[in-house]
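Below you'll find the structure, written out as structure tokens, and then a few comments.
Residue numbers (the working numbering): 1382 to 1588.
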């Protein structure tokens, strides 16, 4: 369930972009009529309308997720707050300036913030943030936690660079596809590789 909630903003961003992209003139007319107050000049261009609507959807869904948790008295994960802040700043800039470059930077910034949090916690405190998050589920030696942290830091750094490479070297349509399928696919492959690596240490720990 948590995985679905995490993927919901990305999935809806993809769906809205594709639907609006199939009829950009209608999307621009709708956005100008109902959301024109959010953009400089008040008129939404057809070429940016799909991205604008998709971006506003992602911002709105993330905000609703937080509001839903607060209304139910549940704790809001720190990363969800960070995600809302990043998408609101970069997405808001894309909407106001009608420039898709800002929202294309958002995934990279989020990846680098997550990697930076892992790296700084390890460097400043000597403790693994992953251990704090997963210590109740996994029992591993300290060196393994450190290696695991370094692997995730390197992965997040790579994902941030990969996002920018696709954003600047390919069309917006390809970037949107990569954002959903490429990002999730690479994350699943990396998680699988991590599982295979950890299985040896978990099995050794039970012997």
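Even glycine gets a Cβ: it sits at the ideal position worked out from N, Cα and C.
A direct Cα-to-Cα measurement between residue 1538 and residue 1403 gives close to 34 Å. Within the same chain, and ignoring the five residues on either side of residue 1529 in sequence, the residues whose Cβ sits closer than 6 Å to its Cβ are 1511. Separation of residue 1522 and residue 1547 (C-alpha to C-alpha, rounded to the nearest whole angstrom) is 38 Å. The stretch 1553-1569 makes contact with the stretch 1474-1488: 3 or more CB pairs, one atom from each, lie closer than 8 Å. Of the candidates 1451, 1452, 1441, 1479, the residue whose Cα lies closest to the Cα of residue 1467 is 1441.
Shortest Cα-Cα distance from residue 1418 to any of 1473, 1504, 1447, 1390 involves 1473. The beta carbon of residue 1465 sits closer than 7 Å to those of 1443, 1444, 1447, all from its chain and outside the five residues before and after it, given in chain order. If you draw a straight line from the Cα of residue 1391 to the Cα of residue 1535, it comes to about 23 Å. When the beta-carbon positions are compared, residue 1438 and residue 1463 stay at least 8 Å from each other. Pairing residue 1412 with residue 1433 gives a Cβ-Cβ distance under 8 Å.
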